[in-house]
Amino acid sequence: MFCKNCGQQVKAGSKFCKNCGQEIKFGRFAIFRVNFFGWLKDHRKGFLIALGIVVFIAILGIYDESSNTNTSSNYSATQTISYDQNEIVASVVNIFCPSTVSEEEASGGSGTIISEDGLILTNSHIIPQDEINIHVDEQGCLVVLPDPTTGQAKDIYLAHPIVLPELSDKYDLAFMEIYSSYYDVETGEYSSVYPRKFPSFDDTTRCNNENIQLGEPIRIFGYPAISGGYSLTITDGVVSSFPGDSLIVTSAKISYGNSGGLAVDRNGCMIGVPSMVSSDEVESLGVIISMDLVNQFSEEVTTYIDSLK
Numbered sequence: 016m017f018c019k020n021c022g023q024q025v026k027a028g029s030k031f032c033k034n035c036g037q038e039i040k041f042g043r044f045a046i047f048r049v050n051f052f053g054w055l056k057d058h059r060k061g062f063l064i065a066l067g068i069v070v071f072i073a074i075l076g077i078y079d080e081s082s083n084t085n086t087s088s089n090y091s092a093t094q095t096i097s098y099d100q101n102e103i104v105a106s107v108v109n110i111f112c113p114s115t116v117s118e119e120e121a122s123g124g125s126g127t128i129i130s131e132d133g134l135i136l137t138n139s140h141i142i143p144q145d146e147i148n149i150h151v152d153e154q155g156c157l158v159v160l161p162d163p164t165t166g167q168a169k170d171i172y173l174a175h176p177i178v179l180p181e182l183s184d185k186y187d188l189a190f191m192e193i194y195s196s197y198y199d200v201e202t203g204e205y206s207s208v209y210p211r212k213f214p215s216f217d218d219t220t221r222c223n224n225e226n227i228q229l230g231e232p233i234r235i236f237g238y239p240a241i242s243g244g245y246s247l248t249i250t251d252g253v254v255s256s257f258p259g260d261s262l263i264v265t266s267a268k269i270s271y272g273n274s275g276g277l278a279v280d281r282n283g284c285m286i287g288v289p290s291m292v293s294s295d296e297v298e299s300l301g302v303i304i305s306m307d308l309v310n311q312f313s314e315e316v317t318t319y320i321d322s323l324k
């Protein structure tokens, strides 16, 4: 089976192309973190984990005060939000992963911090990899946290990518673990103070398990390349269709860089992970990996971890 978008060969049963994120077919996040980090420290070889970073000079441009990309949006009066948007903005991060293969193979996207100790949920396809190995240098990926009021880059950290064999391909989902502040060798200083707690996304106090409906307004948080890729950008739209396989099609703009970010409803409840674009010769629509799939992934990860103990 081959991806119609990029021609990459894909495994049978995969929902997404891990090379470009294209859908192969249309066919409440339960955090599984029971002793996860403790277990991970003892079983890292059980995962396809690579740690590493190449200093990405261009990333220094994210501190340019002249950036004109911000978190403005065009929600109509009938789509008024009912949550503290700054809390959500603070948890959505920009990710850059250099590749050990070549500079051209470097990749990146968006992610959401889902625990105060720095666990990030993102798309698997934004991490340089092949069928067997992750192609990331020994220090990991750069993770940039935004200023919650402006969306501009504020703090830089390093994170270990965590790609789970088979499961990450199946769902196009993966995790990252923040482990250190970024050290700038030119200035001899760390870019930020490592916090006791990271700003994490938590909608448990305001959300129930109601299903989102066709036509409901939604909001996408991420770092699309089309807007510069360095400041958090918000795009709005509605639920356009439910094509099957627990995917959600939306009119909200999703492009390269948005992948792995956050999609919420009008109440700020997470509805899934923006992943890719479904397009024809004229129009394009964004595709979101729904919470049903995120929860299935979480449950299978838990089972996988238990099997390795």
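Be aware that the sequence shown starts at 16, since it is given in our numbering, and climbs by one per residue.
No residue lacks a Cβ here, since even glycine has one placed at the ideal position from N, Cα and C.
No experiment lies behind these values; they were computed from the predicted model shown.
Residues bridged to residue i [DSSP beta-bridge criterion]
i      : result
ALA105 : Its beta-bridge partners do not exist; DSSP assigns none.
LEU134 : GLU192
THR356 : Nothing about residue 356 can be reported from this structure: the residues present for the chain run from 16 to 324 only.
GLU204 : ASP199
CYS112 : SER122
ILE286 : Answer by DSSP bridge pairing: none, since ILE286 is not bridged.
SER256 : VAL264
GLN144 : ILE149
ILE303 : ILE263, PRO289
PRO214 : Answer is none; PRO214 lacks a bridge partner.
Status (buried if at least 16 other CB within 10 Å, exposed otherwise) for residue i
i      : result
ALA189 : buried
PRO180 : exposed
GLN228 : exposed
ASP145 : exposed
ASP170 : buried
GLY203 : exposed
ASN138 : buried
TYR197 : buried
TYR209 : exposed
LEU160 : buried
GLY275 : buried
SER114 : buried
ASN101 : exposed
SER322 : exposed
ASN223 : exposed
Endpoints, beta strand (DSSP E) assigned at residue i
i      : result
THR127 : 122 to 128
TYR172 : 168 to 177
ASP280 : 277 to 280
LEU157 : 156 to 161
Contacting residues, own chain, Cβ-Cβ under 8 angstroms from residue i (five flanking each side not counted)
i      : result
VAL103 : The identity of residue 103 in the sequence shown is Ile, whereas the question assumes Val. Closer than 8 angstroms at Cβ, skipping near neighbours: PHE216, PHE236, LEU277, VAL279, GLY283.
PHE257 : LEU229, ILE263, VAL264
LYS56  : Here the model assigns LYS56 a pLDDT of 40, short of 50, so the residue's position is not dependable, and the following value carries that caveat. Counting only Cβ-Cβ distances below 8 angstroms, and skipping sequence neighbours, we find nothing.
LEU63  : Annotation note: pLDDT 37 at LEU63 (below 50); position unreliable, no value reported.
GLU192 : PHE52, LEU55, GLY133, LEU134, ILE135, ALA174, HIS175, ILE177
ASP162 : ALA168, LYS169
Spatial neighbours of residue i in its chain, beta-carbon cut-off 6 angstroms, leaving aside the 5 residues before and after
i      : result
ILE241 : SER270
VAL288 : ILE304
SER122 : CYS112, ILE141, PRO143
PRO239 : THR248, SER270, GLY272, ASN273
SER261 : SER305, ASP307, LEU308
Delimiting residues of the alpha helix (DSSP H) encompassing residue i
i      : result
LYS268 : Per DSSP, LYS268 belongs to no alpha helix (DSSP H) and is neither H nor E.
ILE320 : 306 to 323
SER183 : 182 to 186
Cβ neighbours of residue i in the same chain (closer than 7 angstroms, five flanking residues each side left out)
i      : result
TYR98  : ARG221, ASN282, GLY283
LYS212 : GLU131
GLY230 : VAL253, VAL254
GLU315 : LEU182
TYR319 : LEU179, LEU182
GLU201 : none
CB contact below 8 angstroms: residue i versus chain D
i      : result
ILE177 : The chain labelled as chain D is not found in the depicted structure, where only one protein chain is given.
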